[in-house]
Amino acid sequence: MIPDVMRAIEISGAGAPEVLKPARRPVPVAGHGQILIRIAWAGVNRPDLLQRAGFYAPPPGASDLPGLECAGTVLSVGPGVTRWKPGDRVCALLPGGGYAEYATCAAEHALPIPEGLDLRAAAALPETAYTVWSNVVMRGGLQSGERFLVHGGTSGIGTIAIQVARALGATVWATAGSDAKCIACAELGARPINYREEDFVAVMRKAGGADLILDMVGGDYIERNITSLADDGRLVMIAFLSGPKARINFLPVMSRRLTLTGSTLRPQSDHAKALIAQELEARLWPLIASGAVCPLIDSTFALQDAVEAHRRMESSNHVGKILLQVSEES
1 MIPDVMRAIE ISGAGAPEVL KPARRPVPVA GHGQILIRIA WAGVNRPDLL
51 QRAGFYAPPP GASDLPGLEC AGTVLSVGPG VTRWKPGDRV CALLPGGGYA
101 EYATCAAEHA LPIPEGLDLR AAAALPETAY TVWSNVVMRG GLQSGERFLV
151 HGGTSGIGTI AIQVARALGA TVWATAGSDA KCIACAELGA RPINYREEDF
201 VAVMRKAGGA DLILDMVGGD YIERNITSLA DDGRLVMIAF LSGPKARINF
251 LPVMSRRLTL TGSTLRPQSD HAKALIAQEL EARLWPLIAS GAVCPLIDST
301 FALQDAVEAH RRMESSNHVG KILLQVSEES
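If you count the sequence shown from 1, position 96 lands on 96 in UniProt numbering, and the numbers rise without skipping.
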């Protein structure tokens with residue numbers, strides 16, 4: 001039986017983590033092509049922090065509740081849904097609404113729980129897997145034998161990006177800001193660069209230049225990334241923790257045939273996200289089943305402790321994903 005009301009965490013106003021408040025909300029109804037999920041675990045992501053701070057509004061029609069990924073059990077399906085049925089266990093990319101007991105999403109944006117994972121581990125995948133695969137593989141075109149650099153190697157994105165690149169046969173470097181985080185990157189298969197002690201540009205130029213760089217820092221890293229690329233190299237931007245603006249000399253871009261690109265996931269069309277989901281199930285899910293790629297979980301918090309989860313992420317001390325436990329696994 002589907003209840004009428006659910007527990008949720010809402011954003012009471014733009015500001016610090018304390019603006020996250022417990023609330024009661026109506027349980028959403030699955031529309032055409034949608035499924036309703038009883039959430040067991042939800043992921044915490046940087047876009048949640050940006051939304052809470054008032055800098056990342058939900059797209060039209062999406063829930064105003066934060067939360068872009070979850071794992072749980074299908075409770076009901078809307079008209080036109082044929083793949084899923086009540087009782088199926090799924091992990092899913094959400095347009096919003098993950099900080100709640102129930103959420104709806106497009107049926108095509110849900111995926112089966114990868115073989116060997118429980119709901120807790122699976123909840124750490126959707127936002128990260130969609131982002132990494134679409135930018136490193138589909139957009140960045142990473143190939144076996146190439147040199148790959150990822151900034152923020154111990155973030156949720158970074159830990160999966162390292163493993164995916166290694167599984168595809170690339171040599172991987174990762175930047176991190178402490179010896180402990182560098183050790184974590186090394187354990188995942190990357191050659192760590194402590195950016196507080198080393199210049200990643202010098203390291204990559206000595207290695208022959210990066211064929212692909214995945215960057216979420218921006219700011220002055222943009223020009224430094226360009227210098228770090230090998231001829232015909234590609235730079236993919238997915239976030240701007242240090243700002244979106246930089247002065248760039250485009251002569252090296254032209255003379256060395258470099259590609260500068262990037263994307264954000266949330267504003268993309270349902271169709272575009274469905275295509276990414278198909279790629280994930282066909283190519284990444286087997287790597288997860290084989291053990292070549294596994295989500296790394298930093299910490300978990302109860303739903304009502306979302307404030308503490310946001311504080312943990314803002315500290316930048318985490319290694320891997322931060323999760324919210326919403327309900328007991330069924």
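Using N, Cα and C, we set each Cβ at its ideal position, and we do this for glycine too. In this text the structure is predicted, and so the values were computed from the model without any measurement.
- For glutamine 143, the number of other beta carbons within 10 angstroms of its own is below 16, and it is reported as exposed.
- Listed in chain order, the non-local C-beta contacts of methionine 138 below 8 Å within the same chain comprise Ile276, Glu279, local neighbours out to five positions each way being set aside.
- Taking the CA atoms as reference points, cysteine 182 sits about 40 Å from leucine 36.
- The criterion of a C-beta distance shorter than 7 Å is satisfied by histidine 109 and alanine 92.
- Within the DSSP bridge table, the entry for phenylalanine 148 names Val172, Leu212 as partners.
- Here glycine 43 is near alanine 123, since their CB atoms are less than 7 Å apart.
- Counting only runs of at least 3 residues, the stretch 3-60 fully encloses the following beta strand (DSSP E) elements, listed from N- to C-terminal order: 5-11, 20-26, 34-44.
- As computed with DSSP, glycine 72 is found in a beta bridge with Ile39, Val90.
- Judged by beta-carbon spacing, alanine 239 lies beyond the 7 Å limit of methionine 204, meaning their Cβ atoms are not closer than that value.
- Nearest in C-alpha terms to alanine 210, of all of Arg256, Asp4, Leu287, is Arg256.
- With 16 or more neighbouring CB atoms inside 10 Å of its own CB, histidine 318 falls in the buried class.
- For glycine 158, there is no enclosing beta strand (DSSP E); the residue is found in the alpha helix (DSSP H) stretching over 156-167.
- When DSSP states are grouped into helix, strand and coil, lysine 321 belongs to the strand group.
- Inter-segment contact for the stretch 219-234 and the stretch 189-208 is present: three or more beta-carbon pairs are separated by less than 8 Å.
- Under the DSSP definition of a beta bridge, phenylalanine 240 lacks any partner.
- For tryptophan 41, the closest of Arg83, Arg25, Ile11, Thr73 by C-alpha to C-alpha distance is Thr73.
- Cα atoms of alanine 272 and valine 172: separation of roughly 28 Å, rounded to the nearest angstrom.
- Taken through DSSP and simplified to helix, strand or coil, tyrosine 102 comes out as strand.
- In the displayed model, proline 286 falls within a helix according to three-state DSSP.
- In this chain, the beta strand (DSSP E) harbouring aspartate 298 covers 297-302.
- By the Cβ test, the stretch 281-297 is not in contact with the stretch 87-107, since fewer than three Cβ pairs between them sit closer than 8 Å.
- Taking 7 Å as the cut-off, the Cβ atoms of leucine 212 and glycine 140 count as close.
- In terms of Cβ geometry, glycine 262 and glycine 243 do not form a close pair [threshold 7 Å].
- The alpha-carbon separation between proline 22 and glutamate 308 amounts to approximately 13 Å.
- The alpha-carbon of aspartate 4 is positioned some 9 Å away from that of proline 28.
- Distance from the CA atom of arginine 83 to the CA atom of tyrosine 221, rounded to whole angstroms, is 44 Å.
- Nearest C-alpha to proline 47 among Leu284, Gly152, Pro86, Thr264: Thr264.
- Between leucine 168 and the set Leu251, Leu287, Ala274, the nearest pair of CA atoms involves Leu287.
- At the C-beta level, alanine 106 and serine 76 stay beyond 7 Å of one another.
- By the beta-carbon neighbour count (other beta carbons within 10 angstroms, threshold 16), glycine 291 is exposed.
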